Amino acid sequence: MSNKKIFSLVGEKEVTKAIVGEFAKQFTEYVESDCIIIGGGPSGLMAGRELAKKGYKVLIIERNNYLGGGFWIGGYLMNKITIREPAQEILKELGVPCEEISKGLYVADGPHACSKLIASTCDAGVKFVTMTSFDDIILKEKNKVSGVVINWTPVQALPREITCVDPIGLESKIVIDATGHDAFVARKLEERGLMKTQGFGAMWVDRSEDLIIEYTGEVHPGLIVIGMAVSTIFGLPRMGPTFGAMLLSGKKGAEIAEKNLSI
Amino acid sequence: MLKKICLYNGVKKDFLNLHKISDYLRTKIGKIKIEIRDDFINYCISKIPSEKEKVKIAENLSIKIAQCRIINPNKRKIERTPHQLEINLEKKYILNWSQKPVGNFYDGFDLILIFSNIIPQEEISLDFCHIIFTNQLFGTWDEKDLRYHARVAIFGFPTIISTTGLVEAPAKPREFYIKKQMGIDPLVLKEEFRGKFIDYEDPRTTEVMKGYVIQALFFHLFGDPFCSDKNCRLYNAHWQEEVINAQLKSEYEFCSKHEKILTKIKSQF
């Protein structure tokens, strides 16, 4: 039997050093960014991708250890996702095969669509912090949203009595709320009496997607809201398991952010 | 004495032809003047002479219309301060409702109240019957089951008629909802039930709306737009099947009682 090893000889300490060193280097660089996006679902990924493609420094905060949110699964644990015209153009741009099953309705494999979107977002230069939860907002002059306070997700899961882990703050010129129906970022503003959310309305698949795009926008100085969070803030009808509005809302949110960043 | 019927076109799509509705009205009511006008808000604002006043009224309207939105159909609408973005969106479409995306749900009586306040002064009289066509969805609160119900038309001064309401308010066949609950895509269901309900941009819309306009006329003249005869165009249909029957399939247009009233109207005017 040959003594030749397949992999290079690296010890445990080198592996640990590499992880800690590289994470710390990136984290230090991203304590200040152009845009922080809370939520790594389809709308957040799309917004990040578009902004990073334009050369902006973007950090996505995701509470889970995986990206993509509900985009992996279409609905009812079935991993076929539906997209309505014209959003299939984005799938085509990402190189995701999709089939038109009825006029204006396209179906694609969830894992294929989600992984391609994640890869494309990474390729564009977006950086991620996963297993990290949004804890609070940073408000500066005239109550402008100027960053976020974050903590490890597991800290939230532990009883307060046995955890005393202070969060940390990250600064950015723009924050995007892509936290889905929870609208966590907007709700922090609501807690401070700075805005009012309405809660989402009854499901109306036919119409809700158009409205999500229409109402995507800057809801408070420094805070842009995209995706299903839009529905919660403005009391729009709930969507069914269709994802076109998530992608296009992310794209529109990025356009608004870009406009604000370029001022 | 009714002198003029004003039909306002806030839809501006081929599937709703107000000229055909106007021609139909002429055959029923004789010489009463009928005028087809642009979108209602647009028309009313265009009649205001001062530019400054126009801007002020448009701003005020955008706030009031945003306040009319029903967020939860199971809760009575409460006074709320709309977000500036909502107001801005209403303002964006204030002069062009036909371009406004459909999906919001408004309190219909509140809308009528807002609209009644911008009717040109010289036309605030029972001599004028104002009928507004819109693609926006509205409803009314029902004290019996404590929830809002979408409506095709709400009769008043002015009357508002919704093309979206025509699709969403009268119930579709029961099987449609059962299958929808089972998770079948609504687009697939629409194909399966095609013809059994009035759909968006349905070519039958104009024909159906003729009946609703006559209902509006009866409300204006007598305060009662409805008839209990399921085959009469004045029947207050709650199911799509009933709408299709009363407006499209029935062997006669109006029951003998209402036919006589229409003949009388025609001879009087």
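Note that the protein sequences, when read in sequence, are chains A and B.
When we follow the numbering used here, the leftmost residue of the first sequence carries the number 245, and every step to the right adds one.
When we follow the numbering used here, the leftmost residue of the second sequence carries the number 23, and every step to the right adds one.
Every residue gets a Cβ at the ideal spot worked out from N, C-alpha and C, and that includes glycine.
Being a predicted model, the structure only gives us computed values, none of them experimental.
- prompt: Terminal residues of the continuous alpha helix (DSSP H) containing B/Ser-278?
  reply: 278-290
task: Could you check which residue in A/Phe-372, A/Leu-335, A/Val-340 and A/Tyr-274 has the C-alpha nearest to that of A/Gly-221?
output: With chain A covering only 245 through 507, there is no way to say anything about residue 221 of chain A.
- prompt: Straight-line CA distance for B/Asn-118 to B/Ser-147?
  reply: 26 Å
- prompt: Roughly how many angstroms lie between the CA atoms of A/Thr-374 and B/Phe-127, to the nearest whole one?
  reply: 38 Å
query: If you draw a straight line from the C-alpha of B/Ser-209 to the C-alpha of A/Leu-349, how long is it?
result: Per the sequence presented here, residue 209 of chain B reads as Leu, with Ser not at that position. Taking the straight line joining both Cα atoms gives about 8 Å.
field: Counted within 10 angstroms of its Cβ, other Cβ atoms place A/Ala-363 as buried (16 or more) or exposed
entry: Exposed is the call here.
task: On a CA-only basis, which of B/Phe-291, B/Glu-213 and B/Gly-217 is nearest A/Lys-347? Give me that one, please.
output: B/Glu-213
- prompt: What's the gap between the Cα of B/Gly-217 and the Cα of A/Gly-424?
  reply: 37 Å
task: Spell out whether any CB of chain B is found under 8 Å from the CB atom of A/Gly-479.
output: It does; some Cβ of chain B falls within 8 Å.
query: Residues in the stretch 201-220 of chain B with C-beta within 8 Å of chain A's C-beta atoms, listed in sequence order?
result: Using a CB distance below 8 Å, the part of the stretch 201-220 of chain B facing chain A consists of Gly-205, Asp-207, Pro-208, Leu-209, Val-210 and Glu-213, ordered along the chain.
message: For chain A, check one thing: does any of its Cβ atoms lie closer than 8 Å to the Cβ of B/Ile-87?
response: no
- prompt: Do we get a CB-CB distance below 8 Å when we pair B/Pro-123 with the residues of chain A?
  reply: Yes, contact with chain A.
query: Quick one: is A/Cys-202 buried, meaning 16 or more other Cβ sit within 10 Å of its Cβ, or exposed?
result: There is simply no residue 202 of chain A to check, as chain A begins at 245 and stops at 507 in what is shown.
message: What ranges does the alpha helix (DSSP H) occupy inside the stretch 149-235 of chain B, keeping only unbroken runs of at least 4 residues that lie completely in it?
response: 185-190, 196-203 and 208-214
message: Short of 7 Å in beta carbon distance, which residues of its chain neighbour B/Trp-163, apart from the five on each side in sequence? Order them along the chain.
response: Taken in chain order, the residues that qualify are Arg-98 and Tyr-170.
- prompt: Pick from B/Leu-188, B/Gly-233 and B/Asp-207: whose alpha carbon is nearest that of B/Glu-223?
  reply: B/Leu-188
- prompt: Can you tell me whether A/Thr-272 is buried or exposed, with buried defined as 16 or more other CB within 10 angstroms of its CB?
  reply: With fewer than 16 Cβ atoms within 10 Å of its Cβ, A/Thr-272 is classed as exposed.
message: Output needed for A/Lys-440: all residues of its chain with C-beta closer than 7 Å, excluding positions within five of it in sequence on either side, in chain order.
response: Excluding its 5 nearest sequence neighbours in each direction, A/Lys-440 has C-beta neighbours in its own chain below 7 Å: Glu-434, listed in chain order.
message: If I follow the unbroken alpha helix (DSSP H) through A/Thr-407, where does it start and stop?
response: Run containing A/Thr-407: none; DSSP gives neither H nor E here.
- prompt: Which term fits A/Asp-367, buried or exposed, when burial requires 16 or more other beta carbons within 10 angstroms of its beta carbon?
  reply: exposed
Short Cβ contact (8 Å threshold) for B/Tyr-257 with B/Phe-248: yes
query: Since B/Ile-93 meets chain A, which of its residues come closer than 8 Å, beta carbon to beta carbon?
result: Gln-442, Gly-443, Gly-445 and Gly-479
message: Ignoring anything shorter than 4 residues, give me the alpha helix (DSSP H) runs that lie fully in the stretch 290-366 of chain A, in order along the chain.
response: Fully contained in the stretch 290-366 of chain A are the following alpha helix (DSSP H) runs of length 4 or more, in chain order: 332-338.
query: For B/Asp-149, which of B/Leu-24, B/Cys-277, B/Lys-286 and B/Glu-275 has the nearest alpha-carbon?
result: B/Leu-24
query: Can you list, in chain order, the residues of its chain whose CB lies under 7 Å from that of B/Asp-61, leaving out five sequence neighbours each side?
result: Tyr-30, Asn-31, Gly-32, Asn-118, Trp-119 and Ser-120
- request: Go ahead and label A/Gly-391 buried or exposed: buried means 16 or more other beta carbons lie within 10 angstroms of its beta carbon, across all protein chains shown.
  value: With 16 or more other CB atoms across the displayed protein chains lying within 10 angstroms of its CB, A/Gly-391 is buried.
- request: Mark A/Glu-306 as exposed unless 16 or more other C-beta atoms lie within 10 angstroms of its C-beta, in which case mark it buried.
  value: Label assigned to A/Glu-306: buried.
query: What residue from B/Asn-96, B/Asn-39, B/Ile-85 and B/Phe-155 has the CA that sits closest to B/Ala-238's CA?
result: B/Phe-155
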